[in-house]
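Residue numbers (mature numbering (1 follows the signal peptide of the UniProt record, and there is no 0)): -24 to -1, 1 to 183.
In structure tokens form, the structure reads like this:
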């Protein structure tokens, strides 16, 4: 987790440095942005297991796509799509199962005034996570509950051309989500807070 904290701190330090010297408005109302990112998903797991011990979940890297619509120069809504596979371990050594997560997320964003080539923003909104393609392990087939969650977001777009149609993107999200886990072959249950960090970089285009 130490590397994660340094990456997050670096992004936020850059973000707040950029927002202290704003000079111009970012995008016009009606603007649409499409982005494609490579995202590192780093669960920050806490758990309560009926037989004691703890659950851990592996990190993964996934592609993520989003579409953003501006209804004023400063306010937009973003829909985010991606899916990720994780391995679940008991006490760090016994693999219990694999599971796929589909966490569609919508955030309401505020975009700060532009600083040079940088267009920083903050966002927040709901998430609903679907668990699917659960595998079978030593305790039987994994069962999990789908659940609502919440996301916070910070990032910036960085123009790549004079017309500012193409841009780089740096984006950090924190999701609060949880599930109740059980197994078909053993009376073991767990309440798991997954709470992942999503640290992404990518490219985008403006319409």
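All C-beta atoms, glycine included, are put in the ideal place defined by N, C-alpha and C.
Item	Value
Three-state secondary structure assigned by DSSP to residue 4	coil
Inter-residue Cα distance where the pair is residue 79 and residue 137	33 Å
C-beta atoms of residue 67 and residue 30 nearer than 8 Å	yes
Whole beta strand (DSSP E) elements within the stretch 42 to 112, 3-residue minimum	51 to 57, 60 to 66, 70 to 78, 81 to 87, 94 to 108
Meets three-Cβ-pair contact criterion under 8 Å: the stretch 33 to 40 and the stretch 83 to 100	no
Alpha-carbon to alpha-carbon, residue 169 and residue 11	28 Å
Residue nearest to residue 90 in terms of C-alpha spacing, selected from 181, 178, 4	4
Sufficient close CB pairs (3 or more, under 8 Å) joining the stretch 114 to 129 to the stretch 151 to 165	yes
Short Cβ contact (8 Å threshold) for residue 13 with residue 176	yes
Own chain, CB closer than 8 Å to residue 27, minus 5 neighbours either side, in chain order	164
For residue 117, the three-state DSSP class (helix, strand or coil)	strand
Contacts around residue 52, its chain only, beta-carbon distance under 7 Å, and the 5 residues preceding and following it disregarded	44, 45, 46, 85, 87
Whether residue 25 touches residue 166 by CB criterion (8 Å)	yes
Bridge partners - residue 25, DSSP secondary structure assignment	166
Classification of residue 173 by the beta-carbon crowding that lies within 10 angstroms, buried from 16 upward	buried
Spatial distance of residue 49 from residue 96 (CA atoms)	13 Å
Cβ shell of residue 149 (< 6 Å), same chain only, five flanking positions each side left out	127, 129, 174
Reference residue 56; option with closest CA among 147, 135, 162, 111	147
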